[in-house]
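In the working numbering, the protein residues as written are 2 to 408.
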């Protein structure tokens, strides 16, 4: 679905934020591992070129002054600079990905590219798709990958109806998120903007089983793991956050089935408190499930989408700027589930890992991605925070704490 020339307030806010913090790239993307013969670069370019006409996410970008930016259509973006390859030495894939994620995106036209990584292992290759968050949100990126490497129609979301009660709850939560948390603005350890990245990988079924008995989802278990890991970390390294509820946002998809390929951002921020004040994983899991219950409801999804559409772009941008001040900073979380298999030609995709960016003055952002029975979680944090690079290990270890007594 091609956009109208006028972006929505979220698109304008993301674009203005990108220009304000030009030293912080808004790059998101996915890493696909495939089992099979390595395609030629020409084959891959031809494959992408054949999809351009049905994927506005690949042919549109925002241009113009800040909050007056408009969508521009580029039907034939230069694939010579957008579909490229890199030979990787054996065992060097992770290092190559770290370097690649940090590279700038194409600086003119639609901001995306696709990298073919080969040579690091026999009988396999890797594709790395990168895009700017100004043109892709997490679900939009997933749907682009479906179209390029799956052919599957994305699952239609459950449509809901906004109610007076859901509007009241959403407004209270949104206004509450603007209060000063005073957790991440320690003058002795100012955030630097330098990024540290890490990954964790676990069985999706294990996460689901941990949460199912309490009526939760695999993503609820993932958030409980985060609460447990951050409780440990703040106890050891960050007194300002010790035994506190930590302000967190959960990204809520607002797309309709007709908007599966629409460029831009159609998600909303749903504020919750991560229950790091509670001593056990099971207590944290129960609190997370209670906090996310209303967020998951179709009526709340519709409400948050309506609020986004009705908020003037200037007001939305002003609120977003407040949320990137150190005293109001939050932890950012999102989850994307792939329900259909991907492949390129005869080569099946064996794993998918998504990666994300970290907003200015925020301490931590993570995105979890479930595909083919595995949930991969990407963490990106401010390098100034002592010991936070160890969070992926702490997150994984939290699963062993389920049902255990407090330390």
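Cβ coordinates follow ideal geometry from the N, Cα and C atoms, glycine included.
Give the DSSP-derived three-state secondary structure of residue i in the structure shown.
i, result
"residue 396", "helix"
"residue 316", "helix"
"residue 365", "strand"
"residue 137", "strand"
"residue 240", "helix"
"residue 177", "helix"
"residue 220", "helix"
"residue 169", "helix"
"residue 198", "strand"
"residue 10", "helix"
"residue 327", "helix"
"residue 41", "coil"
"residue 380", "strand"
"residue 102", "helix"
"residue 57", "helix"
"residue 234", "helix"
"residue 273", "strand"
"residue 117", "strand"
"residue 67", "helix"
"residue 263", "coil"
"residue 183", "coil"
"residue 335", "strand"
"residue 75", "coil"
Roughly how many whole angstroms lie between the Cα atoms of residue i and residue j?
i, j, result
"residue 343", "residue 146", "8 Å"
"residue 306", "residue 28", "23 Å"
"residue 136", "residue 123", "35 Å"
"residue 1", "residue 388", "Any question about residue 1 goes unanswered here, given that the chain covers just 2 to 408."
"residue 482", "residue 333", "Residue 482 lies beyond the stretch modelled for the chain, which goes from 2 to 408, so this question has no answer here."
"residue 366", "residue 359", "6 Å"
"residue 221", "residue 229", "12 Å"
"residue 48", "residue 346", "10 Å"
"residue 109", "residue 78", "9 Å"
"residue 91", "residue 169", "55 Å"
"residue 101", "residue 166", "46 Å"
"residue 357", "residue 214", "31 Å"
"residue 447", "residue 397", "A query on residue 447 cannot be resolved here, the shown segment of the chain reaching from 2 to 408 and no further."
"residue 232", "residue 261", "37 Å"
"residue 380", "residue 3", "32 Å"
"residue 133", "residue 106", "8 Å"
"residue 41", "residue 226", "41 Å"
"residue 372", "residue 351", "9 Å"
"residue 298", "residue 138", "20 Å"
"residue 182", "residue 239", "14 Å"
"residue 57", "residue 15", "18 Å"
Could you pull out every residue in the same chain whose Cβ sits closer than 8 Å to the Cβ of residue i, ignoring the five residues on either side in sequence?
i, result
"residue 76", "53, 54 and 60"
"residue 390", "197, 199, 382 and 384"
"residue 349", "35, 36, 37, 342 and 343"
Buried or exposed for residue i, please, with buried defined as at least 16 other CB atoms from any protein chain shown within 10 angstroms of its CB.
i, result
"residue 144", "buried"
"residue 263", "buried"
"residue 355", "buried"
"residue 330", "buried"
"residue 406", "At residue 406, the pLDDT of 47 sits below 50, so the modelled position is not reliable; the number obtained from the coordinates is stated separately. Exposed: under 16 other Cβ atoms inside 10 Å."
"residue 216", "exposed"
"residue 34", "buried"
"residue 259", "exposed"
"residue 202", "exposed"
"residue 7", "exposed"
"residue 374", "exposed"
"residue 340", "exposed"
"residue 180", "exposed"
"residue 82", "exposed"
"residue 70", "buried"
"residue 211", "buried"
"residue 152", "exposed"
Leaving out five residues on either side along the sequence, give the residues of the same chain with a beta carbon under 6 Å from the beta carbon of residue i.
i, result
"residue 174", "272"
"residue 369", "223, 336, 376 and 378"
"residue 11", "266 and 309"
"residue 287", "215"
If I measure Cβ to Cβ from residue i and keep anything under 7 Å in the same chain, skipping five residues before and after, which residues do I get?
i, result
"residue 163", "300, 303, 304 and 307"
"residue 278", "244, 245 and 246"
"residue 394", "none"
"residue 312", "10"
"residue 98", "32 and 129"
"residue 187", "241"
Please check the pair residue i and residue j, which I expect to be a contact at CB under 8 Å, by giving their CB distance rounded to whole angstroms.
i, j, result
"residue 324", "residue 204", "Actually they are not in contact, since the Cβ atoms of residue 324 and residue 204 sit about 34 Å apart, beyond 8 Å."
"residue 268", "residue 255", "6 Å"
"residue 89", "residue 131", "That belief does not hold up - the Cβ atoms of residue 89 and residue 131 are roughly 16 Å apart, past 8 Å."
"residue 25", "residue 161", "The Cβ separation is near 34 Å, so there is no contact."
"residue 318", "residue 115", "Actually they do not touch by this definition, with Cβ atoms about 31 Å apart."
"residue 249", "residue 274", "7 Å"
"residue 94", "residue 121", "4 Å"
"residue 361", "residue 22", "4 Å"
With respect to 8 Å, is the separation between the Cβ of residue i and the closest non-hydrogen atom of the ligand SAH below this value?
i, result
"residue 111", "You won't find the ligand SAH in this model; it holds no ligand whatsoever."
Counting only C-beta atoms, is residue i closer than 9 Å to chain B at any point?
i, result
"residue 139", "Absent from the structure: chain B. Only one protein chain is present."
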